[in-house]
Amino acid sequence: MAEPRVHEEHFESMQRQGQAATLGMWIFLASEVLFFGALFTTYSSYRAHAPSAFAHAVSQNTLYWGSANTLVLLTSSFVVALSVHYLREGRSTFAARLALGTACLGLLFLCIKGYEYYDHFQHGIFPGGSGAWFAAQERESASAAFWTLYYIMTGLHALHVMVGVVVLGVLSLMVRSGHVSRLAPHALENGALYWHLVDVIWLFLWPLFYLTRGHGA
Amino acid sequence: MSRSESASTHRQRAMTPVKYALAYLALLLLSLLTFGLSFLPLGSAEWWAALGIAATKSVVVALFFMHLIEASAAHRLAGVIAVLLLTALILLAMADVWTRSPTAGPVPSVDDASAVASKGGPS
Chain A
145 MAEPRVHEEH FESMQRQGQA ATLGMWIFLA SEVLFFGALF TTYSSYRAHA PSAFAHAVSQ
205 NTLYWGSANT LVLLTSSFVV ALSVHYLREG RSTFAARLAL GTACLGLLFL CIKGYEYYDH
265 FQHGIFPGGS GAWFAAQERE SASAAFWTLY YIMTGLHALH VMVGVVVLGV LSLMVRSGHV
325 SRLAPHALEN GALYWHLVDV IWLFLWPLFY LTRGHGA
Chain B
309 MSRSESASTH RQRAMTPVKY ALAYLALLLL SLLTFGLSFL PLGSAEWWAA LGIAATKSVV
369 VALFFMHLIE ASAAHRLAGV IAVLLLTALI LLAMADVWTR SPTAGPVPSV DDASAVASKG
429 GPS
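Top line first, the protein sequences correspond to chains A and B. Using the working numbering, read the first sequence as starting at 145 and increasing by one per residue. Using the working numbering, read the second sequence as starting at 309 and increasing by one per residue.
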């Protein structure tokens, strides 16, 4: 086991160090919110110009796989929240297992997402909107805009999931080895904060790309 | 105060595993609700209902899983400012889309562009 952590010299206490680390994480998360916010704005603008075409494109998406991924990410957020809780309680081994479980759920999300992309490619739905499938659509350019945004936004989100999987996998090892512990839990707390933000972003991607199919519009 | 004293001893802990489980249950129920609503003929209300439920779920995640409910004022401020800036970004951009002057002519719709292209319109 590693030695119990002490705070850095320039901090008054471990509490202050932890607060600074968490504040830094929140500011980073705020920048991530604005990054995805610009993409959501782009989506909203395009959808305002072609609402029916976008609703039709949503209805062509893989609703059940996207919904399964929502369940996976919500569960992973719950598990990583428990991981932080038990680390604070001093149950490091259990906390490490929960962090590893979260990373595994992230991998499951990526597998499902990868299958979705594979399925889209099989149908000829590629980023950029060229090809026979798009030519057969009633509103080709609107359909191309929707699917290109779909690949950009879900692809960037999947990239964040990949980063989260690696971070939580490493944190799981650090918790197990004692480098992250009840005495200095901030690394896992901040890793969990990042993971929750990834979850929150998906909570908006899900209705935009899978649910709002314009029934009765 | 010991140098190695944990931050966890200073912070009030409102969350318990039962509360995490309740938050998770609420998220599942809200997800089920938005999934079910997507099959109903709600017209344009479908869009606002879906986004409203997504926003509600985000608040649940932020408050309970991200611990904003027990966070310091500085941490809450960072979260609130992010939401305010995001709201300004989306509303100001969409204000242009929704209120573009008719005298300037409409922004060419991608729907229209597709229709023109399919009819072999001017290139």
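From the three backbone atoms N, C-alpha and C, an ideal C-beta is built for every residue, glycine too. Note that this is a predicted model, so its numbers are computed, not measured.
Task: For Ile-345(A) and Trp-209(A), the rounded distance between their alpha carbons - done: Counting from 1 along the first sequence, the entry for residue 209(A) is found at position 65. Counting from 1 along the first sequence, the entry for residue 345(A) is found at position 201. Linking Trp-209(A) to Ile-345(A) through their CA atoms gives a straight-line distance of about 17 angstroms.
Task: CA nearest to the CA of Ala-370(B), picked from Leu-337(A), Glu-153(A), His-151(A), Thr-185(A) - done: Here residue 370(B) refers to the residue found at position 62 when the second sequence is read from its first residue. Distances from the CA of Ala-370(B) to each of Leu-337(A), Glu-153(A), His-151(A), Thr-185(A) were compared; the closest alpha carbon is that of Leu-337(A).
TODO: Check each candidate in Pro-351(A), Ala-280(A), Ala-328(A), Ile-269(A) and name the one with the smallest Cα separation from Arg-160(A).
DONE: To locate residue 160(A), count along the first sequence from 1; it is residue 16. The option with the nearest alpha carbon to Arg-160(A) is Ala-328(A).
TODO: Pick helix, strand or coil for Ala-331(A), following the three-state DSSP scheme.
DONE: By one-based count along the first sequence, residue 331(A) stands at place 187. In the structure shown, Ala-331(A) adopts helical secondary structure according to DSSP, grouped into three states.
Open item on the list: So with CB distances below 8 angstroms, who are the chain B contacts of Ala-182(A)?
Closed with: If you number the first sequence from 1, residue 182(A) lands on position 38. Per Cβ cutoff of 8 angstroms: Leu-397.
- [ ] Kindly confirm or deny that the region 176–192 of chain A and the region 295–314 of chain A touch, where touching means at least three C-beta pairs closer than 8 angstroms.
- [x] Touching, yes.
Open item on the list: Once the 5 residues before and after Leu-345(B) are set aside, which same chain residues still bring their CB inside 6 angstroms of it?
Closed with: Your numbering for residue 345(B) matches position 37 in the second sequence. Hits under 6 angstroms: Ala-357.
TODO: Closer than 8 angstroms by C-beta to Ser-87(A): which residues in its own chain qualify, once you throw out the five before and the five after it? Chain order, please.
DONE: This structure does not reach residue 87(A), given that chain A is present from 145 up to 361, and the question cannot be answered.
Open item on the list: For Ser-325(A), list the residues DSSP reports as bridge partners.
Closed with: Here the question's residue 325(A) lines up with position 181 in the first sequence. Answer is Ala-328(A), bridged to Ser-325(A).
- [ ] Assign Val-319(A) to one of two classes, buried (16 or more other C-beta atoms within 10 Å of its C-beta) or exposed (fewer than that).
- [x] Counting from 1 along the first sequence, the entry for residue 319(A) is found at position 175. Classification of Val-319(A): buried, given that the 10 Å Cβ count is 16 or more.
Task: Of the listed residues Leu-254(A), Ala-279(A), Thr-214(A), nearest to Tyr-354(A) (C-alpha basis) - done: Within the first sequence, numbered from 1, the residue matching residue 354(A) stands at position 210. Comparing alpha carbon positions, the residue from Leu-254(A), Ala-279(A), Thr-214(A) closest to Tyr-354(A) is Thr-214(A).
TODO: Return the Cβ separation of Val-224(A) and Ala-243(A) in integer angstroms, given the expectation that the two are a contact with Cβ distance under 8 angstroms.
DONE: Translated into positions along the first sequence, residue 224(A) becomes position 80. Translated into positions along the first sequence, residue 243(A) becomes position 99. For Val-224(A) against Ala-243(A), the beta-carbon gap comes to about 7 angstroms, under 8 angstroms, which counts as contact.
- [ ] Check whether the region 279–298 of chain A touches the region 183–202 of chain A, counting contact only when three or more Cβ pairs, one atom from each stretch, lie closer than 8 angstroms.
- [x] Yes: at least three Cβ pairs fall under 8 angstroms.
Open item on the list: According to DSSP, is Met-323(B) part of a helix, a strand, or is it coil?
Closed with: Position 15 of the second sequence, counted from the first residue, corresponds to residue 323(B). For Met-323(B), the three-state secondary structure derived from DSSP is coil.
Open item on the list: Contact criterion: CB-CB distance below 8 angstroms. Does Ala-386(B) meet it with respect to chain A?
Closed with: Position 78 of the second sequence, counted from the first residue, corresponds to residue 386(B). Output row for Ala-386(B): interface = yes.
TODO: Could you check how far apart the C-beta atoms of Ile-171(A) and Ala-386(B) are, in whole angstroms? I think they sit under 8 angstroms.
DONE: Within the first sequence, the letter at position 27 stands for residue 171(A). Within the second sequence, the letter at position 78 stands for residue 386(B). At roughly 5 angstroms, the Cβ-Cβ gap stays under 8 angstroms, so Ile-171(A) and Ala-386(B) are in contact.
Open item on the list: Any beta carbon from chain A within less than 8 angstroms of Thr-407(B)'s own beta carbon?
Closed with: Position 99 of the second sequence, counted from the start, is the residue given in the question as residue 407(B). Thr-407(B) has a beta carbon lying at 8 angstroms or more from every beta carbon in chain A.
Task: Length at least 3, wholly inside the region 335–388 of chain B: the beta strand (DSSP E) runs in chain order - done: Qualifying beta strand (DSSP E) stretches: none in this window.
Task: Same chain, Cβ closer than 7 angstroms to Asn-205(A), five either side skipped, listed in chain order - done: Against the first sequence, residue 205(A) aligns to sequence position 61. Phe-353, Tyr-354.
Open item on the list: Are the CB atoms of Ile-256(A) and Ala-212(A) within a distance shorter than 8 angstroms?
Closed with: Start at 1 with the first residue of the first sequence, and residue 212(A) comes out as number 68. Start at 1 with the first residue of the first sequence, and residue 256(A) comes out as number 112. Closer than 8 angstroms, so yes.
Open item on the list: Can you look up Gln-204(A) in the DSSP assignment and give me helix, strand or coil?
Closed with: As a working mapping, residue 204(A) is identified with position 60 in the first sequence. Reduced to three states, the DSSP call for Gln-204(A) is coil.
- [ ] Determine whether the Cβ of Ile-377(B) lies closer than 8 angstroms to any Cβ atom of chain A.
- [x] Locating residue 377(B) in the second sequence gives position 69, where the first residue counts as 1. No - not a single Cβ of chain A is within 8 angstroms of the one on Ile-377(B).
Task: CB of Tyr-230(A) within 8 angstroms of CB of Phe-238(A), strictly - done: If you number the first sequence from 1, residue 230(A) lands on position 86. If you number the first sequence from 1, residue 238(A) lands on position 94. Against a cut-off of 8 angstroms, the Cβ pair of Phe-238(A) and Tyr-230(A) comes out as a contact.
Task: Secondary structure of Phe-387(A), DSSP reduced to three states - done: Absent from the model: residue 387(A). The displayed extent of chain A is 145 to 361, so no value can be given.
Task: Of the listed residues Arg-283(A), Val-342(A), His-264(A), His-323(A), nearest to Gly-250(A) (C-alpha basis) - done: Residue mapping note: residue 250(A) aligns to position 106 of the first sequence, counting from 1. The option with the nearest alpha carbon to Gly-250(A) is Val-342(A).
- [ ] Report all residues from its chain with a CB closer than 6 angstroms to the CB of Ile-269(A); omit the five preceding and five following residues, and keep chain order.
- [x] Taking the first sequence and counting its residues from 1, one reaches residue 269(A) at position 125. Excluding residues within five positions, the ones whose Cβ falls inside 6 angstroms are Trp-277, Trp-291.
Open item on the list: Using CA atoms only, rank isn't needed, just tell me which of Ala-381(B), Thr-407(B), Leu-341(B), Val-326(B) is closest to Thr-166(A).
Closed with: Residue numbering aside, residue 166(A) sits at position 22 when the first sequence is read from its first letter. The option with the nearest alpha carbon to Thr-166(A) is Ala-381(B).
TODO: Along the alpha helix (DSSP H) that carries Ala-276(A), what are the first and last residues, could you check?
DONE: Taking the first residue of the first sequence as 1, we reach residue 276(A) at position 132. It spans 276–279 - the alpha helix (DSSP H) in which Ala-276(A) sits, taken as one unbroken run.
- [ ] Could you confirm whether any beta carbon from chain B is found closer than 8 angstroms to the beta carbon of Thr-214(A)?
- [x] The count along the first sequence starts at 1 and reaches residue 214(A) at position 70. At least one chain B Cβ lies under 8 angstroms of Thr-214(A).
- [ ] Counting only the same chain and skipping the five closest in sequence on each side, list residues whose C-beta sits under 6 angstroms from that of Arg-357(A).
- [x] The residue you call residue 357(A) lines up with position 213 of the first sequence. Sequence-distant Cβ neighbours of Arg-357(A) in its own chain, meaning closer than 6 angstroms and more than five residues away, are Ala-199, Val-202, Ser-203.
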